[in-house]
Amino acid sequence: MFKNYVLPFILFVPLTLIAHRFLYVHADHAQMGHKLAPQCQLQDPPSLSFRLSYTGLPGLDAQICNYVAVFHSVIVPQNQTHIPIISYFTGAGAPYALLTILNRYQRRFRDPLAYPTIWLMLTQIFSYGLTYPIYSLLWVLTSQGRLRQAIRSITRADAEAILFAMVIGGVIPSIDMVYMLDPNVTWLWQIYPVFILVAQHVYLIFRPPSQTFQSGYSLMRFIYIACFAVASLTHIILVWPLFWDIPALKALFIPSTTPLEPSATLRLIVLHFLKWDFLLGYFAAALSSLWSAHSLYQLIVMALWYAVSSPVIGIGASVMGLAMWRDGILSKDEGSLHLE
Numbered sequence: 003m004f005k006n007y008v009l010p011f012i013l014f015v016p017l018t019l020i021a022h023r024f025l026y027v028h029a030d031h032a033q034m035g036h037k038l039a040p041q042c043q044l045q046d047p048p049s050l051s052f053r054l055s056y057t058g059l060p061g062l063d064a065q066i067c068n069y070v071a072v073f074h075s076v077i078v079p080q081n082q083t084h085i086p087i088i089s090y091f092t093g094a095g096a097p098y099a100l101l102t103i104l105n106r107y108q109r110r111f112r113d114p115l116a117y118p119t120i121w122l123m124l125t126q127i128f129s130y131g132l133t134y135p136i137y138s139l140l141w142v143l144t145s146q147g148r149l150r151q152a153i154r155s156i157t158r159a160d161a162e163a164i165l166f167a168m169v170i171g172g173v174i175p176s177i178d179m180v181y182m183l184d185p186n187v188t189w190l191w192q193i194y195p196v197f198i199l200v201a202q203h204v205y206l207i208f209r210p211p212s213q214t215f216q217s218g219y220s221l222m223r224f225i226y227i228a229c230f231a232v233a234s235l236t237h238i239i240l241v242w243p244l245f246w247d248i249p250a251l252k253a254l255f256i257p258s259t260t261p262l263e264p265s266a267t268l269r270l271i272v273l274h275f276l277k278w279d280f281l282l283g284y285f286a287a288a289l290s291s292l293w294s295a296h297s298l299y300q301l302i303v304m305a306l307w308y309a310v311s312s313p314v315i316g317i318g319a320s321v322m323g324l325a326m327w328r329d330g331i332l333s334k335d336e337g338s339l340h341l342e
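Each residue of the sequence shown is one higher than the one before, starting from 3 at the first, in this note's numbering.
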């Protein structure tokens, strides 16, 4: 009772409040909204502003402009300096998108976690760091962490649809946003969960699961390993070179516990926001994964895994690595690999 129902509230409710403080209270203190306003005003020529006709609905376009301005403040090089934080987040963030999508395969129709598109869109609208503590709380309450992803019951067609959707709806829009630096592309990336949903359903129209009885386990194993590789390589490429430059590492990836002053640039304010966003979101994901432990020994091993592996391969890859163990990817039989 305490472990599965009381403890989750004790941990995840305060984490949600902490996320609100470090994300929104800090942003308000630094006056992020005031700094975004000039970039979303109608100007002539329109190229001087991010206030474009994204949807043709003025009210919605005004809100979209704020998101576009936020991301362009860090992805567009300034003074010949490129901040790779968005590149890092899109690569290291792949596991959370995949695991959120897979969670629907073991949920009933009325289960709030059976709709990954809604949850992924909430992370886009309200931030990953604020949304995922709530998602993690519900995940623990509804499954007590014991439900492995049902990858061995996924058909080959479903597995192909997942891979197709992740590439078409997630990977390609993310790469386009980082390299094209186009406001319209950045806006479209904000709804990438919808693209994943559409791509998955379109694929299944042409290849219905009911017409194939082949297991999708081997392809799901490939997807898990590929996702782990992408997250870990992203960390190795972007973070390892900074291990000997602590000030640079702190500036790019380690958030401050104190809010920035209004005199700070929009770029620094957004960077502060995004660092907390990623850290709090993945901390919630890692914390909820500990409920997969079946014994105190497993719990200790999991905690040690996160402590040792996170600096080396990144917390995104660490979460994915533990999911590979939990879901039996590393085992040769139908069961999961036991630590005991």
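Glycine included, each C-beta is placed from N, C-alpha and C at the ideal position.
Nearest to residue i (by Cα), restricted to the options the options
i: residue 289; options: 268, 165 and 14; result: 14
i: residue 28; options: 296, 153, 311 and 258; result: 258
i: residue 24; options: 296, 326, 260 and 291; result: 260
i: residue 237; options: 319, 84 and 203; result: 319
i: residue 331; options: 103, 154 and 198; result: 154
i: residue 41; options: 126, 54 and 16; result: 54
i: residue 119; options: 39, 100 and 184; result: 100
i: residue 176; options: 67, 198, 133 and 159; result: 198
i: residue 39; options: 59, 66 and 114; result: 66
i: residue 266; options: 5, 36 and 21; result: 36
i: residue 192; options: 134, 72, 231 and 278; result: 72
i: residue 362; options: 32, 34 and 169; result: Any question about residue 362 goes unanswered here, given that the chain covers just 3 to 342.
i: residue 19; options: 328, 308, 278 and 297; result: 278
i: residue 78; options: 178, 34 and 256; result: 178
i: residue 8; options: 139, 253, 295 and 285; result: 139
i: residue 251; options: 12, 313, 162 and 64; result: 313
Helix, strand or coil at residue i according to DSSP, with G and I counted as helix
i: residue 80; result: strand
i: residue 75; result: helix
i: residue 220; result: helix
i: residue 157; result: strand
i: residue 331; result: coil
i: residue 296; result: coil
i: residue 109; result: coil
i: residue 193; result: coil
i: residue 317; result: helix
i: residue 278; result: helix
i: residue 340; result: For residue 340, the pLDDT reaches just 38, beneath the cut-off of 50, and the residue's location in the model is therefore unreliable, leaving the point undetermined.
i: residue 43; result: coil
i: residue 53; result: coil
i: residue 63; result: helix
i: residue 141; result: helix
i: residue 18; result: helix
i: residue 241; result: coil
i: residue 131; result: helix
i: residue 95; result: coil
i: residue 256; result: coil
i: residue 246; result: coil
i: residue 208; result: helix
i: residue 188; result: helix
Within 8 Å, strictly: CB atoms of residue i and residue j
i: residue 164; j: residue 225; result: yes
i: residue 52; j: residue 76; result: no
i: residue 276; j: residue 91; result: yes
i: residue 211; j: residue 144; result: no
i: residue 362; j: residue 229; result: Any question about residue 362 goes unanswered here, given that the chain covers just 3 to 342.
i: residue 96; j: residue 233; result: yes
i: residue 273; j: residue 87; result: yes
i: residue 350; j: residue 301; result: No answer is possible for residue 350: it lies beyond the span of the chain, which begins at 3 and ends at 342.
i: residue 84; j: residue 188; result: no
i: residue 117; j: residue 106; result: yes
i: residue 131; j: residue 283; result: yes
i: residue 159; j: residue 206; result: yes
i: residue 271; j: residue 262; result: yes
i: residue 186; j: residue 26; result: no
i: residue 202; j: residue 167; result: yes
i: residue 80; j: residue 269; result: yes
Exposure of residue i, with buried meaning 16 or more beta-carbon neighbours within 10 Å
i: residue 16; result: exposed
i: residue 220; result: exposed
i: residue 336; result: Because the pLDDT at residue 336 is just 45, under 50, the model does not fix this residue reliably, and the value given afterwards should be weighed accordingly. Residue 336 should be labelled exposed.
i: residue 342; result: Residue placement at residue 342 is poorly supported in this model, since its pLDDT is 38, which falls under 50; the coordinates are not used for a value here.
i: residue 325; result: buried
i: residue 43; result: exposed
i: residue 264; result: exposed
i: residue 3; result: exposed
i: residue 306; result: exposed
i: residue 340; result: Confidence at residue 340 is low in this model, with a pLDDT of 38, below 50, so the placement of that residue should be treated as unreliable; the coordinate-derived value is given next. It is exposed - the Cβ of residue 340 has fewer than 16 other Cβ atoms within 10 Å.
i: residue 204; result: exposed
i: residue 241; result: buried
i: residue 208; result: exposed
i: residue 299; result: exposed
i: residue 246; result: exposed
i: residue 30; result: exposed
i: residue 61; result: exposed
i: residue 112; result: exposed
Using 8 Å as the threshold, is the stretch 122-138 in touch with the stretch 174-187, meaning 3 or more CB pairs across them? Because the criterion of three Cβ pairs below 8 Å is not met, the stretch 122-138 and the stretch 174-187 do not touch.
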